[in-house]
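Enquirer: Protein chains in written order, with the working numbering: chain C, 1 to 243; chain Z, 244 to 486; chain W, 487 to 729; chain B, 730 to 972; chain V, 973 to 1215; chain L, 1216 to 1458. All C-beta atoms in this analysis are idealised placements derived from N, C-alpha and C, irrespective of residue type, glycine included. Bear in mind the structure is a predicted one, so any value in this text is a computation, not a measurement. Okay, here's the structure, questions in a sec.
Protein chains: 6
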Amino acid sequence: METEPLALDAKVIQALSGVSTATLTTVLLKKGLRNVWLRGTRPLTPDQPRLVGRAFTLRFVPAREDLATPASWGSPISTRAAIEAMPAGCIAVVGALGVTDAGIFGDILCARMKTRGVAGLVTDGVVRDLAGVLGTGLPVWCQGTAAPPSVAGLTFVGWQEPIACGGVAVFPNDVIVVDADGAVLIPAALLDDVIAAALEQERLESWIMSQVEAGMPLPGLYPPNEANTARYRAWAKANDTRG
Amino acid sequence: METEPLALDAKVIQALSGVSTATLTTVLLKKGLRNVWLRGTRPLTPDQPRLVGRAFTLRFVPAREDLATPASWGSPISTRAAIEAMPAGCIAVVGALGVTDAGIFGDILCARMKTRGVAGLVTDGVVRDLAGVLGTGLPVWCQGTAAPPSVAGLTFVGWQEPIACGGVAVFPNDVIVVDADGAVLIPAALLDDVIAAALEQERLESWIMSQVEAGMPLPGLYPPNEANTARYRAWAKANDTRG
Amino acid sequence: METEPLALDAKVIQALSGVSTATLTTVLLKKGLRNVWLRGTRPLTPDQPRLVGRAFTLRFVPAREDLATPASWGSPISTRAAIEAMPAGCIAVVGALGVTDAGIFGDILCARMKTRGVAGLVTDGVVRDLAGVLGTGLPVWCQGTAAPPSVAGLTFVGWQEPIACGGVAVFPNDVIVVDADGAVLIPAALLDDVIAAALEQERLESWIMSQVEAGMPLPGLYPPNEANTARYRAWAKANDTRG
Amino acid sequence: METEPLALDAKVIQALSGVSTATLTTVLLKKGLRNVWLRGTRPLTPDQPRLVGRAFTLRFVPAREDLATPASWGSPISTRAAIEAMPAGCIAVVGALGVTDAGIFGDILCARMKTRGVAGLVTDGVVRDLAGVLGTGLPVWCQGTAAPPSVAGLTFVGWQEPIACGGVAVFPNDVIVVDADGAVLIPAALLDDVIAAALEQERLESWIMSQVEAGMPLPGLYPPNEANTARYRAWAKANDTRG
Amino acid sequence: METEPLALDAKVIQALSGVSTATLTTVLLKKGLRNVWLRGTRPLTPDQPRLVGRAFTLRFVPAREDLATPASWGSPISTRAAIEAMPAGCIAVVGALGVTDAGIFGDILCARMKTRGVAGLVTDGVVRDLAGVLGTGLPVWCQGTAAPPSVAGLTFVGWQEPIACGGVAVFPNDVIVVDADGAVLIPAALLDDVIAAALEQERLESWIMSQVEAGMPLPGLYPPNEANTARYRAWAKANDTRG
Amino acid sequence: METEPLALDAKVIQALSGVSTATLTTVLLKKGLRNVWLRGTRPLTPDQPRLVGRAFTLRFVPAREDLATPASWGSPISTRAAIEAMPAGCIAVVGALGVTDAGIFGDILCARMKTRGVAGLVTDGVVRDLAGVLGTGLPVWCQGTAAPPSVAGLTFVGWQEPIACGGVAVFPNDVIVVDADGAVLIPAALLDDVIAAALEQERLESWIMSQVEAGMPLPGLYPPNEANTARYRAWAKANDTRG
């Protein structure tokens, strides 16, 4: 039933670690993808590093008193079992229906994820026990915190299935990048194209920024007209450090 | 992957066809179930009959431009394939994330469902081509209508899985009852208990209504105190038609 | 604790029965009152007559499992007791926090209100058992219908207190007018002023409408400039039927 | 400041009058346009005919007590002046910020629009004085009704400017089609392409519907595989009535 | 009219000061209480201590221009009078209808509450004059800040009545616990049971956390199976410091 | 088409720099203006200084795939051209329809605004590339951050037009004051009156605060009764430093 997790090439992680989610969403929009931004996934603390990893998905449906009980935590289909299936380096992406009054995970589950080498947790829901979760050191992107347990609002139904998270369709093994702005999804099939375009976009924008800092006005510069494109290309050629 | 559909005993259908969703939600609440009402599932026309059937579930996630395309309608995992798997007498329950600006089905899909003997369609989304859908004669409970096709907002991912619909967890083969108020879910495991309690509740409330029509005030009557309970029981004994 | 209900002069009822809620909100806005329209109070059926009456208020807070139970329906502070305190001719205004997934009243309570001569029911919530409620003949303005009982979402706490209904502050004995557009509140203290201005506004607008039907353009007519004001006054003088 | 209104070719009106908004949104999505459906624009009565016309836009901003007053109705920039600038045959599209507690127009303004030959009114807001507006015979698509005047929530600022309506960017003279489902926008530049594709899509879907009614299952039919495409083409060739 | 405030036993305060709101909501859910979490009550600053106290309730309805005026601040039923009725040690719980564009209190009222020994302020609304409120040192849990005075959106109507706050029914003298996650309510009648269960839950979870830190996987540990329960009990017995 | 920007008197800036937005909204409400608070305009960082300036408005409508493209950034009607028209000292007020999933500006545009001497940026939308924007030093008030570019959700249509921002009507050259609470608008025509009243209100409230700190209860003090008004006037006379 669940899709097998895949590893992500270290070169991909390294390349994307230097690219902002702002640049990635621009590049993806140019390829026709306008709905790849996971709404409501803010960093739990301001200093969390940019992360890159494959999505390991978890899926919730609403709570039903006969299903969402503390007893259900011991069932074979449980968040506990899902966590034990997470490979090191993945980013857990949890579809929580945008519920903000029941925390999907607290300190114990986050601690176990950290131990297993999970890179981070991204959800359109919230976590519980803020102090405890921060104590585990697991980087978390979410809508905030709420004390009630998940079963107060949600029933867990499976992992590594396609999910909705923050208004975006996330499939198992899609690539996720998160930074201070939040989380963006790169469809697995587009990965190579996106990386190439993103590195170029980052370089162009950093050159434009240097021109703005030097006092140039925006029209003709951003986006660059023919003359400025030529200037940029000359600069890029002279400063090519990509070897 | 998908749960096998089950038939529903004709006696169950007959018994529940005489019970309002208002009575059923009262009975379920007394058993501790407070979240079994599918929000946003209104009858498309005011004269649709009460329906009883097992849930055949369909699941959508949000649209992604690389996935939700007209071309996807031909894929093996498509709403088309799901419809061909629906047994006669089932109620299709479609989890559409509450999306109201993309219609999940139009006239063609509804016509095919009608042909296959599907009892009705219940969704927290909307349908498209109102005139066409009404023309098929398929009873529909939904949030309304919108012209855009499903792929403008949604990506179909599977059937007979647990879904969220109207804020309720619906599992394949749960029992659904819909009437002029909307749709209620009865967990399969509670079915017998609920039927017995519901028939008694209907009888009690109809007796109370007769007393109100006769001019009795509410306190002590609804719910009945000891004296009125005795009067009701005497009436019930004298009028027992259940044989 | 509760404010004593007051009767409403039959002349007031007669005068306001000829004035639309559109005219009343215009008149009240000219007096500086911009928030007197009870949002979400739509007629349950399209043919309900315009009603005028004093508000008899009921107040709910959210459900709490230890408080909002079927057993609570028998407590001294219950909707049942509140209904028995309603005088004939009042309009029951129920503050239901805008909750749309639990019906405040069903057929039995509406039947009793009808028997007691209550003029109508206005709420920012919903009713349950649509067929049953329509059967009682009680005119209802609300957000729609839902099957679950009030205790699935609400706890009743008192009557004839100040309440919030549809984003408006309603005090016991404020005057309510409802028609096909919905419900407007007239603060008791402004009643006489409002009636006089409203009758004049209705007369002016009906004259303007006759001019539009005769082909006059809007600028200078609505609102009328000096010349048109003079024409209107002449017409009004010639057609004064108010004795 | 305002864009000059343009007339719409009678042949365009005739062609589009036979095409549903469901078909148009499908055709536009295939051309990459996913956001052309004006949310919240429902027909005020169920029997309003399909309309086709160029958009004549009106723009509101929120109410401010020093600006949005009954006195402002007489200013040169007023809804009254805008109505006098509307050409016969246009569809007035009013950006009302989705405000549902202040009616943009009542009976007098709608009557004047009807007199001037305006084809219909489309808004993401509401109208006031339901009975009066219905009496004018002007077809209206909106979110419903509310009694308060526009100045209770809105300030009018101009006409024939780009506006937001129902989450869609509407530019003066874009083409609007409205039917029982609601309103769709066709960018003026895409008109010819859309008409051709829409007529073909309608024909294809009506053939598919005939096959469904004859009992064919959906996979391979909708969308048609190679064999069914061939069958359709043969049928279309044999039944070509387009001369 | 108002319920008399009650003191809270110092032992209760001490016991609950060591229990997180996450633990309390878990314990309450096990007792069947799923709706005791006050949504939208976030700490105004991250370093506010956990507080425990009885609720002293205040109730607002929406603003009405004839009622909600600066002059009303001097009326006998005013927030000022309510503050003077607050006992030391209470937690003021203010039902503000979730209004976020009018601040219920600013620096002056917060300063007076601090002087009177009020433990903290909890509301589903916002406060105004952030710098001023922080200057008073009163711990505040709320939805944020807004400059406009309460009368821009709210009318104060009474204190020590049942209220709605953050979607929860709060009765005078219910016990409130607030920490970094937000605010939870303990019904007065359940207090002793909850304390006992909460202390045990805290101890169990801290043992589980120690096991996770030691590398144990989750299944069978959280919740503990029979073997782990035995291990926990042995540890608990050996480490019982409760006397 | 665009309104010409106006400068703001340095004395106005100086006077208002000492007045909180809380005081200004109180003063404006007393003059009948209840809707001048721009909802959802929070400081991007907690330490941003209070700013005073005239509004330079920018207006967006929703995205349409044929209009909102990266290519559009080079059109004559672009955010780039708008920024080049901004005078030093203005506050850019951007109506972004409350869109939170597409950032209106990133580091490059903010850097250019900073270079041009723009005092600050206020929007009901969000910015993108948080780290980059903070690096420019431009003070920003907004709803938060999102990575996607503006064209993912918005189409830019013009500047120095009347706009909606945070539910408020903002006209070019209205005066804006922003501080830790958010942004308030002062209609240009009311400026002198508001300043005078605001300075007096600040002085009165600081005296009241001193009395509260000295232990005085609130009733009779805030607002002051006759005796306290006399005491205040005596203090004010003795401490008048404005002479």
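Note down the Cα distance separating P466 of chain Z from R598 of chain W, rounded to an integer number of angstroms.
Expert: Translated into positions along the second sequence, residue 466 of chain Z becomes position 223. Translated into positions along the third sequence, residue 598 of chain W becomes position 112. About 14 Å.
Enquirer: Comparing C-alpha positions only, which one of C:E205, C:A238, C:A198 sits nearest to I1323 of chain L?
Expert: Position 108 of the sixth sequence, counting from 1, holds the residue named residue 1323 of chain L. The option with the nearest alpha carbon to I1323 of chain L is C:E205.
Enquirer: Please state whether DSSP places I256 of chain Z in a helix, a strand or coil.
Expert: Here residue 256 of chain Z refers to the residue found at position 13 of the second sequence. Correct three-state label for I256 of chain Z: helix.
Enquirer: Using only the alpha-carbon positions, how far apart do W523 of chain W and V654 of chain W sit?
Expert: Within the third sequence, numbered from 1, the residue matching residue 523 of chain W stands at position 37. Within the third sequence, numbered from 1, the residue matching residue 654 of chain W stands at position 168. Going from the Cα of W523 of chain W to the Cα of V654 of chain W covers about 7 Å.
Enquirer: At a Cβ cut of 9 Å, what residues of the region 181-203 of chain C count as close to chain Z, listed as they run along the chain?
Expert: Listed by position, the residues of the region 181-203 of chain C near chain Z (Cβ gap below 9 Å) are L185, P187, A189, L190.
Enquirer: Among W:T622, W:L515, W:G701, which one has its Cα closest to the Cα of V604 of chain W?
Expert: In the third sequence, the residue the question calls residue 604 of chain W occupies position 118. If we check each option's Cα against that of V604 of chain W, W:T622 comes out closest.
Enquirer: Excluding the five sequence neighbours on either side, which residues of its own chain have a C-beta within less than 7 Å of the C-beta of A1054 of chain V, listed in chain order?
Expert: Looking up residue 1054 of chain V in the fifth sequence gives position 82. Around A1054 of chain V: L1030, W1131.
Enquirer: Taking the continuous alpha helix (DSSP H) assigned at R960 of chain B, which residues delimit it?
Expert: As a working mapping, residue 960 of chain B is identified with position 231 in the fourth sequence. Its alpha helix (DSSP H) spans residues 955-967.
Enquirer: Cβ of P1364 of chain L within 8 Å of Cβ of T41 of chain C?
Expert: Translated into positions along the sixth sequence, residue 1364 of chain L becomes position 149. Translated into positions along the first sequence, residue 41 of chain C becomes position 41. No, Cβ-Cβ distance for P1364 of chain L and T41 of chain C is not below 8 Å.
Enquirer: Could you check if R845 of chain B is buried or exposed, using at least 16 other CB atoms within 10 Å of its CB as the buried criterion?
Expert: Taking the fourth sequence and counting its residues from 1, the one referred to as residue 845 of chain B is at position 116. Answer is buried; the Cβ neighbour count reaches 16.
Enquirer: Could you check where the beta strand (DSSP E) with L185 of chain C kicks off and where it finishes?
Expert: To locate residue 185 of chain C, count along the first sequence from 1; it is residue 185. Run containing L185 of chain C: 182-186, per the beta strand (DSSP E) assignment.
Enquirer: With 16 other CB atoms within 10 Å as the buried threshold, where does S992 of chain V fall?
Expert: For the purposes of this step, residue 992 of chain V is taken as the residue at position 20 of the fifth sequence. So S992 of chain V counts as buried.
Enquirer: Quick one: does V334 of chain Z have its CB under 8 Å from some CB of chain C?
Expert: Mapped onto the second sequence, residue 334 of chain Z falls at position 91. Note that residue 334 of chain Z is Ile in the sequence shown here, rather than Val. Answer no: the Cβ-Cβ gap between I334 of chain Z and chain C never drops below 8 Å.
Enquirer: What residues of chain W sit near V880 of chain B, judged by a beta carbon separation below 8 Å?
Expert: Taking the fourth sequence and counting its residues from 1, the one referred to as residue 880 of chain B is at position 151. In chain order: L515.
Enquirer: So, are the CB atoms of S260 of chain Z and V295 of chain Z less than 8 Å apart?
Expert: What you label residue 260 of chain Z is simply residue 17 of the second sequence in a count that begins at 1. What you label residue 295 of chain Z is simply residue 52 of the second sequence in a count that begins at 1. Taking 8 Å as the Cβ cut-off, S260 of chain Z and V295 of chain Z qualify as a contacting pair.
Enquirer: Determine the DSSP secondary structure at M347 of chain Z, reduced to helix, strand or coil.
Expert: Residue numbering aside, residue 347 of chain Z sits at position 104 when the second sequence is read from its first letter. Reading off the sequence, residue 347 of chain Z comes out as Ile, not Met. Three-state DSSP puts I347 of chain Z in coil, outside helix and strand.
Enquirer: Can you name, in chain order, every residue of its own chain whose Cβ lies under 6 Å from the Cβ of A501 of chain W, other than the five neighbours on each side?
Expert: Position 15 of the third sequence, counted from the start, is the residue given in the question as residue 501 of chain W. I681, listed in sequence order.
Enquirer: List in chain order: all unbroken alpha helix (DSSP H) runs of 4+ residues lying wholly within the region 1000-1086 of chain V.
Expert: Fully enclosed alpha helix (DSSP H) runs of 4 or longer: 1051-1056.
Enquirer: In angstroms, rounded to a whole number, what distance separates the CA positions of V643 of chain W and V376 of chain Z?
Expert: Taking the third sequence and counting its residues from 1, the one referred to as residue 643 of chain W is at position 157. Taking the second sequence and counting its residues from 1, the one referred to as residue 376 of chain Z is at position 133. Approximately 45 Å, taken between the alpha carbons.
Enquirer: Go through its chain and collect everything with a Cβ distance to V1341 of chain L's Cβ below 6 Å, but skip five positions before and after it.
Expert: As a first step, residue 1341 of chain L is located in the sixth sequence; it is residue number 126 there, counting from the start. Cβ neighbours of V1341 of chain L beyond the five flanking positions: T1315, G1318, C1357, Q1358, G1359, T1360, A1361.
Enquirer: Please confirm if V304 of chain Z has its CB atom under 8 Å from at least one CB of chain C.
Expert: What you label residue 304 of chain Z is simply residue 61 of the second sequence in a count that begins at 1. Closer than 8 Å to some Cβ of chain C, the Cβ of V304 of chain Z qualifies, so yes.
Enquirer: Find the residues of chain B that neighbour R1249 of chain L, judging by a C-beta separation of less than 7 Å, and give them in chain order.
Expert: Within the sixth sequence, residue 1249 of chain L is the residue found at index 34, counting from 1. Ordered by position in chain B, the residues that pass the 7 Å Cβ test against R1249 of chain L are E794.
Enquirer: What is the DSSP secondary structure of V748 of chain B, reduced to helix, strand or coil?
Expert: In the fourth sequence, counting from the first residue as 1, residue 748 of chain B sits at position 19. If DSSP states are grouped into helix, strand and coil, V748 of chain B belongs with coil.
Enquirer: Taking Cβ-Cβ distances below 7 Å as the criterion, which residues of the region 1436-1457 of chain L are in contact with chain V?
Expert: Under the 7 Å Cβ criterion, the region 1436-1457 of chain L contributes Y1437, P1438.
Enquirer: Compile a chain-ordered list of the residues in the region 1315-1341 of chain L whose CB is closer than 8 Å to at least one CB of chain B.
Expert: Flagged: no residues at all.
Enquirer: Can you pull the chain B residues whose beta carbon is under 7 Å from the beta carbon of I649 of chain W, in chain order?
Expert: What you label residue 649 of chain W is simply residue 163 of the third sequence in a count that begins at 1. What I649 of chain W touches in chain B: nothing, since even the nearest Cβ is about 18 Å away.
Enquirer: Using only CA atoms, which one of W:Q534, W:L494, W:L624 lies nearest to I662 of chain W?
Expert: What you label residue 662 of chain W is simply residue 176 of the third sequence in a count that begins at 1. Among W:Q534, W:L494, W:L624, the Cα nearest to that of I662 of chain W is on W:L494.
Enquirer: From the DSSP output, which residues share a beta bridge with L1221 of chain L?
Expert: As a working note, residue 1221 of chain L is residue 6 in the sixth sequence. For L1221 of chain L, which the question treats as bridged, DSSP gives no partner whatsoever.
Enquirer: What first and last residue would you give for the alpha helix (DSSP H) that runs through D618 of chain W?
Expert: In the third sequence, residue 618 of chain W corresponds to position 132, counting from 1. With the sequence shown as reference, residue 618 of chain W is identified as Gly, and Asp is not the correct amino acid for it. 616-622 is the extent of the alpha helix (DSSP H) around G618 of chain W.
Enquirer: Would the beta-carbon of E443 of chain Z be found less than 7 Å away from any heavy atom of the ligand SAH?
Expert: The ligand SAH is absent from the structure shown, which contains no ligand whatsoever.
Enquirer: Is there a Cβ from chain B that is less than 8 Å from the Cβ of L1312 of chain L?
Expert: Sequence index remark: in the sixth sequence, residue 1312 of chain L carries index 97 (1-based). Yes, contact with chain B.
Enquirer: Quick one: using the 10 Å Cβ neighbour count with 16 as the cut-off for buried, is G518 of chain W buried or exposed?
Expert: Here residue 518 of chain W refers to the residue found at position 32 when the third sequence is read from its first residue. It is exposed - the Cβ of G518 of chain W has fewer than 16 other Cβ atoms within 10 Å.
Enquirer: Let me see if you follow: with CB-CB separation under 8 Å, is G317 of chain Z close to chain B or not?
Expert: Counting from 1 along the second sequence, the entry for residue 317 of chain Z is found at position 74. Interface residue, yes.
Enquirer: What residues of chain C sit near G410 of chain Z, judged by a beta carbon separation below 7 Å?
Expert: Here residue 410 of chain Z is taken as the residue at index 167 of the second sequence, counted from 1. Within 7 Å Cβ-Cβ: P62.
Enquirer: Should the region 946-960 of chain B be called in touch with the region 318-333 of chain Z, which here means at least 3 C-beta pairs below 8 Å?
Expert: Segments in contact, yes.
Enquirer: Give me the Cα-Cα distance between A1103 of chain V and S318 of chain Z, rounded to the nearest whole angstrom.
Expert: For this step, residue 1103 of chain V is matched to residue 131 along the fifth sequence. For this step, residue 318 of chain Z is matched to residue 75 along the second sequence. Taking the straight line from one Cα to the other gives about 59 Å.
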